[in-house]
Amino acid sequence: MNKVNLFICLIVLTIISYNISFSQETRTIPSVKVKNLKGEIIDTKSFSNDGKPFVICFWATWCSPCIIEQNTFNEVYDKWQEETGVKIISISIDDTRSSKKVAPFVKGRKWKFEFYLDENSNFKRAMNAGHPPHSFLVNANGEIVWEHSGFAPGDEEELYAEIKKLINNNTEESR
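Going by our numbering, the sequence shown opens with residue 1, and the numbers climb by one from there.
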């Protein structure tokens with residue numbers, strides 16, 4: 001009986017230590033090729049914001065919650081940039097058949113942030129993003145520090161609180 005208990009304890013400790021070490025792994029932006037709206041190929045590893053955090057949002061023209069999210073972000077973007085310097089990078093997962101709609105779609109809505117095309121969803125898969133909309137907050141070192149799937153009114157406030165927390169932590173660390 002003691003050997004069985006010891007064996008069970010060892011298994012539990014192994015699982016716990018694995019989960020702790022796994023949860024402490026730092027996730028960074030993977031290197032995947034996407035296109036900007038002009039058709040130029042960009043490596044996602046080059047995404048940055050001059051030492052400030054940025055948000056990566058996966059969306060699609062056919063996704064109603066995505067459009068609501070992008071409209072909401074557009075409404076608050078100037079204020080967010082002024083207060084925190086955060087940048088939003090939106091990644092359309094429209095496939096090759098519908099990706100030609102993205103540029104006029106964005107232009108017609110006068111959305112202000114950067115847009116890229118992930119026509120084969122390679123970047124989406126590399127980021128382990130679920131169904132759109134799916135957003136990630138990335139710190140100044142390119143590390144993913146927060147993510148959120150879906151969108152409902154008020155989610156932008158949660159994201160902004162995370163951005164401000166990140167900015168405040170960076171300010172305190174530099175003192």
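Think of the CB as a built atom: it goes at the ideal place given N, C-alpha and C, for glycine as much as any other residue. None of the values given here were measured: they were computed from a predicted structure.
In the pairwise beta carbon analysis, the region 28-41 is classified as touching the region 116-134: at least three pairs are separated by under 8 Å. Where Trp111 is concerned, there is no enclosing beta strand (DSSP E), because DSSP gives it neither an H nor an E.
Under DSSP, the beta-bridge partners assigned to His134 are Phe58, Ser149. Per DSSP, reduced to three states, the secondary structure at Asp43 is strand. Nearest neighbour of Val138 by Cα position, chosen from Asn74, Ile88, Arg125, turns out to be Ile88. Residue state for Lys164 is assigned as helix, using DSSP reduced to three classes. Assignment of Ile67 by DSSP, reduced to helix, strand and coil, places it in the helix class. Note that the C-beta distance between Ile167 and Thr84 is below 7 Å. Relative to the Cα of Glu114, the nearest Cα in the group Trp80, Ala126, Cys57 belongs to Cys57. The three-state secondary structure of Asn49, taken from DSSP, is coil.
The C-beta of Ser90 has 16 or more other C-beta atoms within 10 Å across all chains shown, which makes the residue buried. A straight-line Cα-Cα distance of about 18 Å links Lys101 and Pro65. A residue is called buried once 16 or more other Cβ atoms fall within 10 Å of its Cβ, and Thr44 is buried on that count. Counting only the Cα atoms, Asn49 lies some 19 Å from Gln70.
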